[in-house]
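**Q** Residue numbers are given in full-length UniProt numbering: position 72 of the sequence shown equals residue 72, and the series is strictly consecutive. Ideal Cβ placement from N, Cα and C applies to all residues, glycine included.
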Amino acid sequence: MYTSISTKELDEKRKSYDIIDVRDRDAFLERHIEGAENIPIEELEEHLDHLSKEKNYAVICYSGKRSMLASEFLDSQGFQVTNVRGGMNEW
């Protein structure tokens, strides 16, 4: 089962995670966390081969709702996932 953290916790533990931003490309280009990878949620399934089950991923979106769905999906596929509550709205 995936876990959840606040944006503050992510900022404090950023080096522990590879960050996946599931917002659309335009939103990502406008503003994102340094080092985050942009994989829009509708493209997530086709990018599974590029992800490692050995890494810890933090998933972020605008508010935490789509990242929660993405986290549930990635967890069901065997990935180590943490949802970022509050998303970029609180970053």
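Roughly how many angstroms separate the alpha carbons of S63 and T7, rounded to a whole number?
**A** Answer to the nearest angstrom: the Cα atoms are 10 Å apart.
**Q** Judging by CA-CA distance, which residue of V59, L51, V22 is the nearest neighbour of E43?
**A** Among V59, L51, V22, the Cα nearest to that of E43 is on V22.
**Q** For the 8 Å Cβ check, are there 3 or more pairs between the region 30-37 and the region 66-76?
**A** No: the two stretches stay apart, fewer than three of their Cβ pairs being nearer than 8 Å.
**Q** Report the start-end ranges of each alpha helix (DSSP H) in the UniProt domain "Rhodanese" (13-91) that is 4 residues or longer and not cut off at the edges.
**A** Whole alpha helix (DSSP H) segments, 4+ residues: 25-30, 65-76.
**Q** In angstroms, rounded to a whole number, what distance separates the CA positions of E37 and D11?
**A** Each residue's alpha carbon lies about 16 Å from the other.
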